[in-house]
Structures are given as C-alpha cells and as structure tokens.
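Some notes on the structure that comes next.
Numbering (my numbering), first residue to last: 24 to 330.
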C-alpha cells in the first residue's frame, strides 16, 4: 500500500517528482487517479492551501483540505498546521486563471477517502503498520497512519518502561511502526510496546557483571527504577541526589528471569539530560496475534491478545 503511506514518504520518489514537475505530468496523474505529494506553502485567509509545485501553482480548496472539514468533525487547524509541510493530494482539474496563468486544483480529501476505503478500513487488530509522529501531548503520541489520517498511541502503550511524556521516546517526524489495537467509533487505536520485545529478549542484551548506561524513570523510598531499554527496567538501591530523567551508569548485580527482576548498583551520574535511545523492534512481521511480555514460568502474566 505504498500510495497510502504517511505524508512525506512519497515526495522525494522519482515518480512523484516527475509527475509534479510538469503540467503534462499532473494531467497524467489526474487521468490515472495517482496520489501525489508536494509542500504546502501558504494557507490563505479563506483556509485554502496553496501548494508549491515545480511547474506552477497548486490549490487545495478549503473543503478539499481534509476529510471532515465539510461537516465540522475536523477543525481548520488541521489545514493551517500543514503549512511548510508535505501534503498528499489527487489532481481534480487544471485550468487557466483570470490573470492568464495556469493552476492545478487538488484534493487532499479525495486522497484520504481513497486511503480509508482501500487501506485503513481493511486493517485488523494485530496488524503492524507504518506511522509518522505528527505531534506529542502529555497523554500520548499522535501519528499519521496514511495520507494524513491521524491516530493516537496512548502514553501507557508506548513502552513497558514508564515515561513522563511521549517526548521521552519520540520526536516529531519520526517514522515508526505501530500495532492496530482496536477500532473505536471508526477510529484506529494503536499500541507500540509489543514491538519492543519481551522481558527475555531485552534481558538477553545484558549480562551480570556489566556496567551499562541507563535513564532514571522513577525515584521511590525503596529504590530507583532505571530504564535499560524501552521495555526493560531494573531496580537500584536508594541513593540521595538522584533525579528522574538523569542519565546514569549502573552495575548489573543480578538478572533473575523467574522474578522478572534486574538488580542494579548506581556507579555514576552522567548528566541531567537523558540519553537519546532508539526504539529497537524485535518483531518485524506484519501481524501479531498475541504478545506475552513475561518469561514462561513467571507468575506475572502481562501481555496483549489482539482480537
């Protein structure tokens, strides 16, 4: 479903660049119903989006700017916020303007409707999909799952290791994977932690006796929780002056699979700002039926069943 990827994934492809670089290319794209991409340069006072095309001017009328604009279910901020970003569209017509210049009239809405009909409506719980981070809120990470269609990854499903804000894990513009968790009121609900590995897969990256880096995620009276990977945290003994978010080095005292515990000793504090950690995807398939985080034989039964 390459035509229905998140906005920004097609713009630099040779076929897209060829199509938007000439009136003939745009005409052929209109006849073939091809979804194209270009940069939104301006959102005018009537909230029409002016698109920067190499061959001339492109116009997305306000009502064609997104699914839901016509009935008010999508607010105009969805149009305003596209300025200086890539937008997808289908060409609806090419015609001469009053000043004698040519302009291509475009519809982002039609591209989104096609994406919903041919791709998003067919997604099932457990499907692993491409997504692109569009903005971050305290409660979760908003992503584009195709042609600018938004979805949400709630903060508690981003990783097993608890974070205070989605910016601890993602930045705007990140191209990530996500898992379809369910459908609610026609919207796709997503999760992410299931792709980041089980306890055993993450613990296998470490050995007792090693000294490694970590990030402080929680400071309690009985100990300090340190993230070693997004899906693995260990507990260190209390130590004064340690703050949430600090990057530290820790000595691995013990790894105990049957109790799902990693015991740590803090060696040194490396700084106030946490280190950047890339999300490593242990699952690389296209569909998950179920996921069990805890090791076999462990009394804790954490996991997800996709129905």
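Just so you know, even glycine gets a beta-carbon here, dropped at the ideal spot from N, CA and C.
Give the single residue among 257, 212, 224, 111 whose Cα lies nearest to the Cα of residue 35.
Here the closest residue by C-alpha is 111.
Would you call the stretch 92 to 101 and the stretch 48 to 63 touching, i.e. three or more CB-CB distances under 8 Å?
Not touching, per the Cβ criterion.
Reducing DSSP to helix, strand and coil, say where residue 277 ends up.
Looking at residue 277 - three-state DSSP - the assignment turns out to be strand.
Please report the residue range of the alpha helix (DSSP H) in which residue 133 lies.
131 to 141 is the extent of the alpha helix (DSSP H) around residue 133.
In chain order, which continuous runs of the alpha helix (DSSP H) of length 4 or greater are located wholly inside the stretch 201 to 249?
Every alpha helix (DSSP H) of 4 residues or more that sits fully in the stretch 201 to 249 is shown, in chain order, as 222 to 226.
Taking three-plus beta-carbon pairs below 8 Å as touching, is the stretch 240 to 250 in contact with the stretch 204 to 221?
Because the criterion of three Cβ pairs below 8 Å is not met, the stretch 240 to 250 and the stretch 204 to 221 do not touch.
Look up residue 189 in the DSSP assignment and give the residues it is bridged to.
Looking at the DSSP assignment, residue 189 forms no beta bridge with any residue, so it has no partner.
Is the beta carbon of residue 308 less than 8 Å from the beta carbon of residue 315?
Cβ atoms of residue 308 and residue 315: not closer than 8 Å.
Contained alpha helix (DSSP H) runs [length at least 4] in the stretch 54 to 134, N- to C-terminal order
Segments of the alpha helix (DSSP H) lying fully in the stretch 54 to 134: 100 to 103.
Coarse secondary structure for residue 199, derived from DSSP in three states:
Correct three-state label for residue 199: strand.
Under 8 Å, with one C-beta from each stretch per pair, do the stretch 77 to 86 and the stretch 122 to 133 reach the 3-pair mark?
With a cut-off of 8 Å, the stretch 122 to 133 and the stretch 77 to 86 count as touching, because enough Cβ pairs lie within range.
Would you mind giving the Cβ-Cβ distance between residue 115 and residue 130, rounded to the nearest angstrom? I have them listed as a contact below 8 Å.
Contact holds; Cβ gap of about 5 Å.
Quick test of the definition: if touching needs 3 or more C-beta pairs under 8 Å, does the stretch 162 to 179 touch the stretch 205 to 214?
Between the stretch 162 to 179 and the stretch 205 to 214 there are three or more inter-stretch CB-CB distances shorter than 8 Å, so the stretches are counted as touching.
Alpha carbon to alpha carbon, how far is residue 280 from residue 172?
The alpha-carbon atoms of residue 280 and residue 172 are separated by roughly 41 Å.
Have a look at residue 321 and residue 292 and give me their C-alpha separation to the nearest angstrom.
Going by C-alpha positions, residue 321 is about 32 Å away from residue 292.
Distance, residue 105 Cα to residue 145 Cα
The alpha-carbon of residue 145 is positioned some 27 Å away from that of residue 105.
Do three or more CB pairs link the stretch 194 to 206 to the stretch 259 to 272 at distances below 8 Å?
Too few Cβ pairs lie closer than 8 Å, so no.
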